[in-house]
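J.: Chains E and F supply the protein sequences, listed in that same order. For the first sequence, this note's numbering gives the first residue as 25, with consecutive numbering after it. For the second sequence, this note's numbering gives the first residue as 6, with consecutive numbering after it. In this text, a Cβ means the ideal position worked out from N, Cα and C, and glycines have one as well.
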Amino acid sequence: MGTRLGKQTVRLDSKPVIQSWAAIVGAKEGHGPLGRFFDEIIEDEYFGEESFEKAESKFLRETLAKILMKGKVSSGDIQYIFAGDLLNQCIAANFGVRESEIPFFGLYGACSTMAESLSLGSLMVEGGFAERCVCITSSHFCSAEKQFRFPLEFGNQRPPTAQWTVTGAGGVMVGKAGDGPRVVHVTTGKIVDMGITDANDMGSAMAPAACDTITAHFRETNLPPNHYDLIVTGDLGIHGKNLCLQLLEENGITIKEFYDDCGVMIYDPQKQKTDCGGSGCACSATVLAGYILEKMSKRELNRVLFVATGALHSPISVQQGESIPAIAHAVGIEMV
Amino acid sequence: MEQKRTKEEYKKWSQKLAPRTPKARNLIMAFFIGGIICTIGQLILKALLNTGLSKDDASSLTTLFMIFIGAFLTGLNVYDDIGRIGGAGAAIPVTGFANSIVSPAMEYKREGYVMGVGARMFLIAGPVLVYGIISSIIVGIIYYLIT
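So, in structure tokens, the structure goes:
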């Protein structure tokens, strides 16, 4: 039934299994360094739809279909779906799962949604309330720019700390039995706000949250950091990754050799002009479901701490001068 | 939060480590892009003056041409690239003003012509217009009083 290890961490004794996973991405991600790991690359940013919002929903819907197909199940075999995205009222997820008829929990954890949904789905399976859950999230560069920044064709200059929202969707199916990678620990983050107000510098806003959750994870599990082959944060970007490493170092946690960030991995910042790297819900979701789980199933990686990070602001809160609250959730995934 | 810094200290520290804006490059590019746009305007003006138009008519017509070029290049998905390279050099001339109106109009077309295009068109240019008009009124009153 799971064991509480501390204020933020639980150990899942039944070790729910990640039975299938899928990631569909846009053209820029597909042409990036991880391009060959994704299930599908969609060159058309509209995905054959008439708006970017509809396109994002389609990314999510198609990814869900792919997860079910790869897991050889139908939507009737899924007890819960946990999904979320960046758009107002989470419309990409709402419309994306509309026709699936799966009991649905809509989540908003900004770019931390993948770890948030995976945490909740795994806890649901561990608790015996579900045989299988799907945990899924999406983001789209064009719909995110429209909501959070300027119109696409507006000729403004990107500051060097800016990040590029990943277009795509990624998700997993967690269930009771099987051989895939297993979810062993769930460390739920708390909101950390270090007073950063610049919405073009998410790395600085989120790095303390990532550091806080990773520190809590190792304190409460008593595991040494080198227990993991890879500790991967969601979308801190080049700048945030550097800050996070130094903050952890100050807390006595040295992970430099086996630490990376999905936002740094997904693009080639020089060639693709993405400044500090990738961001968005789909950043950590597609790297997890495309690259990390694939590597784990081939046993090239055996233990991974997946720490998705999110900035919990809105354009209105930024305009009103509020600082940017940030959160990070960690999920320990292991091959047993 | 297990943090040895205060919020102020953290902000300073993270800014110190942040990648720098390439100021010299940006200034030079703004100078060239802005210069090129203005040179094109000047060429159009000269050409119009050669047709025998008065100076006032020719300069109004030049502005119209430049607005058209800005709007047209926005529609062709080119002006955002010029803006990314040129910065203020592309934003300050009237072509940049055209871009700031046409780009939201394109973006919000899907939300309809009234609440989308119509309502959002001045999303970026709105403040410029409001404060531009207010300051021109104030300057006008001062000019009236001192003459």
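Would you report the Cα separation of E/T298 and F/A35, rounded to the nearest angstrom?
T.: CA-CA distance, E/T298 to F/A35, rounds to 21 Å.
J.: Go ahead and label F/L32 buried or exposed: buried means 16 or more other beta carbons lie within 10 angstroms of its beta carbon, across all protein chains shown.
T.: exposed
J.: Residues of chain F with CB under 8 Å from E/Q181, in chain order?
T.: N31, G88, R89 and G92
J.: May I ask which residues mark the beginning and end of the alpha helix (DSSP H) holding E/L144?
T.: First-last of the alpha helix (DSSP H) with E/L144: T137 to E150.
J.: Is E/T239 near E/T333, with beta carbons less than 8 Å apart?
T.: no
J.: Taking only beta-carbon positions, decide if E/L176 is within less than 8 Å of chain F.
T.: yes
J.: State yes or no: is the C-beta of E/V190 within less than 8 Å of the C-beta of E/S303?
T.: yes
J.: Alpha helix (DSSP H) containing E/G179: first to last residue?
T.: Careful: E/G179 lies outside any alpha helix (DSSP H) and carries neither H nor E.
J.: By the criterion of Cβ-Cβ separation under 7 Å, what are the contact partners of F/N82 in chain E?
T.: E177
J.: Can E/S143 and E/V198 be called in contact, C-beta distance under 8 Å?
T.: no
J.: Closest by CA to E/R173, which one among F/L128, F/V135, F/I143 and F/S140?
T.: F/L128
J.: So, is E/A201 buried or exposed, given that buried needs 16 or more other C-beta atoms within 10 angstroms?
T.: Its Cβ having fewer than 16 others within 10 Å, E/A201 is exposed.
J.: Quick one: measure Cβ to Cβ for E/C159 and E/I102, integer angstroms, because I've assumed they're closer than 8 Å.
T.: Wrong, their Cβ atoms sit about 11 Å apart, outside the cutoff.
J.: Quick check: the Cα distance between E/P184 and E/F129, rounded to an integer number of angstroms?
T.: 36 Å
J.: Do the CB positions of E/L312 and E/A134 come within less than 8 Å of each other?
T.: no
J.: Counting only the same chain and skipping the five closest in sequence on each side, list residues whose C-beta sits under 6 Å from that of F/F70.
T.: I49
J.: List the residues of chain E that F/K16 touches, going by C-beta distances under 7 Å, in chain order.
T.: G219 and I220
J.: Using beta-carbon positions only, say whether F/G160 and F/R115 come within less than 8 Å of one another.
T.: Given that chain F is displayed from residue 6 to residue 152, the structure contains no residue 160 of chain F and the question cannot be resolved.
J.: Contact criterion: CB-CB distance below 8 Å. Does F/A103 meet it with respect to chain E?
T.: no
J.: Does the Cβ of E/M93 have 16 or more other Cβ atoms within 10 Å, making it buried, or fewer, making it exposed?
T.: exposed
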